[in-house]
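Notes for the one structure printed next.
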Amino acid sequence: MDEGERLVLDSGLQISVAKRRSPLSHFQLITPFGGDVLRYRDAESGEEVSLQPGSAHYFEHVLFIMPPLGRDGKPLRWRTNTPKRMSKLRDGLTELKHHGAIEVNAYTANDHTNYFFVTRQHPLENLETMLDFVFTPYLPQDRFRKECGTIGDEIARGENDSMSELFRLWDAQAHVKHGGRIPIIGTQESIRRITLDDVLSMHDTFYRPSNMMLIATGDVDAKAVADVVQRKLEALGKADYRPPPGEVSQEEPRGVVAADNFDSPLARADVSRKKMLGGWKYLLEPLSMRPEELIDLHVAAEIAATALYGMGSLNREALVRAGTDERTFTGYNWDFRDRGCIQVQGDCDDAEGFRSLVAENAAGLVAAGLPPGEVEYARNKILTDNEKNRESLLSFGQMLAYAGAQTRNPLDYFSILRRFKDISHGEVNALLPRLLDTANMTFALMVPERA
Amino acid sequence: MLRETEFSRQDSGNAAVYTNHAESSSQAAQLSLVRSYGSAEEAVRAELLVDIYLAGVRKGCASFPTADSLTRAFYMARTQQPSVHTERWRDMLEFVVKVHVPAGERGVSAMGSAMDIVAEMMAQPLLRDAAHSERILELAREEVIRSLEDRIQHHPSYAYSLFDLRYFPQDSPLSVPGLLDLARNATFEDIIRAYEGVFAASSPVLLLSGDSPEGIASPVLGFAAQSAGQGTLPPLEVLEMGPVGKPVAEEGPSEQTQFLRAYTLAAVPGERERSALRLVNRVFGGGWTGRLMQVVREKHHLVYGIYSGYQEYRNMIRLGTEHDPRLLGRITALTQEIAEEVFSGKFQDEEFRKVQEQAIEEMLTARGPLRSCDQPSFRIDEAHRLHVKRAGVGLAEQYETLTSFDPAEARHIALHYLSPGRSQIFTYGRA
């Protein structure tokens, strides 16, 4: 597999290009500023700064806003980027759609925010448009405040979904200090506390080129992409290097807020059966760990989750024989820059019984180690699924984005793939105590309201 | 590019075989066994019973006696478990086997291994073994019951199913509670009879796309030979909703109001008119750049998302959103204002040209996840629409039509078929 090439511009912007046979090309512009980031170290002053929950996501919503054009249809230079009000605003999403882009969007994850588009036509011109709106915040004050309404409805939609609420509850139980304890989107209260000044400061901090990654996949040429980006950064006055913000440790301790909520479970009128979400958080230290160590922990966590609870594993089969609900019992892992988790979920009538079974089973495997055949099975399953997912250019690009958020180099996706192929079962087992630490385990129960 | 998505037909035995050559890293095969049940209600009942049967089949067979061991067998052969499932439209029920393998010889070999396991799983399921059948049947029944209950708990999709039940009983004749009753009361014999019935008079259609379609065909054709039926599938006909009336509100535990609004067409349009209405729907609310999103979300900031879709085979444009219950009046008024403008042709030529260009460009991809027209899975889905469901025309022909419109003709068609006064509001949520 051709793995692509990586360039770093003078400004510090990383460009990763993975050419693939496709009629389309896919561009992603990423900042490692995600929902988990609630503190950072200012690059100039060296001081630690706190952020309101939901800040990264709020920003993602408003960054598409673009200023109106002049009468001649060309961009004007505005006296201020934050007028009190402004009509005839443009938005980057519409601009790209009207210039041939097929898919345009952005998302905020726990450890990054990603602006992207897929196009067949005008790939480099469309890239310039995306660079324009991402690197130049144009935020009329009235428009900025109104976005609260849209995000408020997005929060309400999440609260109206029972499984989203169960996941939110698990995160709140598992994390003591880490930003992961609060939803990426924030809360109705926190988003109203985000000010325009905050957002402008965040842009200056997290959206400087030295802190960002551009990923281009599909029908793309690395040199042509780099030339366009360099010219655009020069035009925007952002071609010089300014140091990125400092990452700070979230100082998340070992242990959880609560081992369970069985005494006061989440009660909902819209569920008909008891549902459990349990699992372990695990912590990574990207500031002190080498990239190879980070990759090994990510790889071992996915193999462990698949071998323990993935469909087809002998351990899952044993847990079903022992009484878990075969129809709904499943498990997986989530992986972010400085934390992750291995989770199990399923319908359950007996919450204590479910927890005992899962906890004792995991403790036994930590002590005895996963058998070689189970690591092999997990390896096969992960690589087969990965090969299928890679066929979609969008999915392939997003896998590079997630790898980039974890290690700061999107092309580490290929190192991760290689590691899935050659990590030994002994190496996986050596990391199990760190991944399945009983002190980091918590269970969240959801029940029908009338039960 | 769109011409390259086309399939050629060469029948084998009683199966219609459609083949497409694709230079891709993967290959795909889909076998569809399709039959008519005479009425949608009969087809819905049969589908539910066959779904219970298939849930039972997935619990294991003689060589792989658990669901986990079956899944494991596929992955150890380096393939994902093929999808064996049913699909239904109107009175037609389709039994589907869908397999996805890598390109080249590796894919041919994987297809052979995967279909060997599928053949055994279908021929000797534990569900048919007297020592296990009772236990497996109850597991399978409970699985289907839980999936039906989950449908009720997902508020947006449940609102759509309530709408369909009320306004399109000719396509959606049974409620989810009705299906639950059916699942609870089905006997083993009912389930076996339904499963065997789906093969009895089915028309087998095999769709193949990849770099060696002939190589991946034979293991699937062996399975198709079980079906006794043969014949031409009927084209999909357009259904019409009855007369619209006062807003209807269904009560349920959704804290947000699920808001649906259908604008019915004055008559059933022809293919050219349908293409124009697809574009008018895009102006109305068919995506981010549509008026619904631009006005209700981007101007007034009332909702996170609001979209409309032209339901060609239900002869209506239907919009959907969910919102704070206190906003019902504003959402009702705003959607009506937008409909009044767009349906009376009040859109700029430039606005129309832009959605026209978008529509043409988006023909190259399909969503869920995003796939491009060079990929076998994209091509198989298109061929399924054309040769199994028999809905609409090919992409190349669609392209020709889409490019030929000018805004004046689209306005004329909108005025003829759409009326803002002919709408039905349906809401679901807390009273």
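Residue numbers (my numbering), protein chains in the order written: chain A, 278 to 728; chain B, 356 to 786.
Idealized CB from N, CA, C, for every residue including glycine.
Chain B places a beta carbon closer than 8 Å to that of A/Ala-546, counting this residue as a contact. In this structure, the straight-line span from the alpha carbon of A/Thr-605 to that of A/Ala-544 is close to 19 Å.
Residues Ala-716 of the same chain have their beta carbon placed closer than 6 Å to that of A/Gly-532, with the five preceding and five following residues left out of the count. Cα atoms of A/Phe-341 and B/Ala-422: separation of roughly 47 Å, rounded to the nearest angstrom. Contact check for A/Met-489 against A/Leu-306 passes: the beta carbons are separated by less than 8 Å. In the three-state reduction of the DSSP assignment, A/Asn-391 falls in the strand class, which pools E and B.
Annotation for A/Pro-725: no alpha helix (DSSP H) segment contains it, though the beta strand (DSSP E) segment containing it runs 718–725. Comparing alpha-carbon positions, the option among B/Gly-584, B/Val-451, B/Val-452 and B/Leu-615 lying closest to B/Arg-521 turns out to be B/Leu-615. Under the DSSP assignment, B/Pro-511 falls in the alpha helix (DSSP H) whose first and last residues are 510–522. According to DSSP, B/Gln-666 shares a beta bridge with B/Met-671.
Under the 8 Å criterion on CB atoms, B/His-487 is classed as non-interfacial with respect to chain A. In terms of CA proximity to B/Glu-493, B/Arg-539 leads the group B/Arg-539, B/His-455 and B/Met-477. With a threshold of 16 other beta carbon atoms within 10 Å, A/Trp-447 meets it and is buried. Sequence-distant partners of B/Val-710 (beyond 5 residues in either direction) whose C-beta falls short of 6 Å from its own C-beta, in its chain, are Leu-634, Arg-637 and Val-638.
In the displayed model, B/Leu-620 falls within coil according to three-state DSSP, outside both helix and strand.
Contact between B/Pro-457 and B/Ser-381 holds, since their C-beta atoms are separated by about 6 Å, short of 8 Å. Using a CB distance below 7 Å, the part of the stretch 295–307 of chain A facing chain B consists of Ser-299, Pro-300 and Leu-301, ordered along the chain. Counting only runs of at least 4 residues, the stretch 391–417 of chain B fully encloses the following alpha helix (DSSP H) elements, listed from N- to C-terminal order: 395–412.
Contact annotation for B/Pro-568 against chain A: no contact, minimum CB-CB distance about 17 Å [criterion: below 8 Å]. When secondary structure is reduced to three states using DSSP, B/Leu-388 falls in the strand class. As computed with DSSP, B/Met-447 is found in a beta bridge with B/Ser-391 and B/Trp-444.
Taking C-alpha positions only, B/Leu-591 is separated from A/Asp-349 by approximately 50 Å. At a cut-off of 8 Å between beta carbons, B/Glu-359 makes no contact with chain A. Relative to the Cα of A/Leu-671, the nearest Cα in the group B/Pro-724, B/Gln-691 and B/Ala-763 belongs to B/Pro-724.
Within chain A, the residues placing a beta-carbon under 8 Å from that of B/Thr-434 are Thr-661, ordered along the chain. The straight-line gap separating the alpha-carbon atoms of A/Arg-485 and B/Thr-687 is approximately 43 Å. Approximately 5 Å separates the beta-carbon atoms of A/Leu-713 and A/Trp-557; this is inside 8 Å, confirming the contact. Taking the CA atoms as reference points, A/Val-339 sits about 7 Å from A/Glu-424. Contact annotation for A/Gly-312 against chain B: no contact, minimum CB-CB distance about 17 Å [criterion: below 9 Å]. Sorting B/Gly-675, B/Ile-672, B/Asp-679 and B/Gly-641 by C-alpha distance to the C-alpha of B/His-656 places B/Asp-679 at the top. Against B/Gln-525, chain A offers no close residue; the least beta-carbon distance is about 30 Å (beta-carbon pairs closer than 7 Å). Spanning the alpha carbons of B/Ser-468 and B/Gly-570 requires a straight line of approximately 13 Å.
In this structure, A/Ile-572 sits away from A/Ser-701, with a CB-CB distance that is not shorter than 8 Å. In the pairwise beta carbon analysis, the stretch 310–328 of chain A is classified as touching the stretch 377–390 of chain A: at least three pairs are separated by under 8 Å.
Residues of the same chain with a CB within less than 6 Å of the CB of A/Ala-320, apart from the 5 flanking positions on each side, are Pro-520 and Pro-522 in chain order. Closest option to B/Tyr-668, judged by alpha-carbon separation, among B/Arg-443, B/Arg-777, B/Phe-419 and B/Val-623: B/Val-623.
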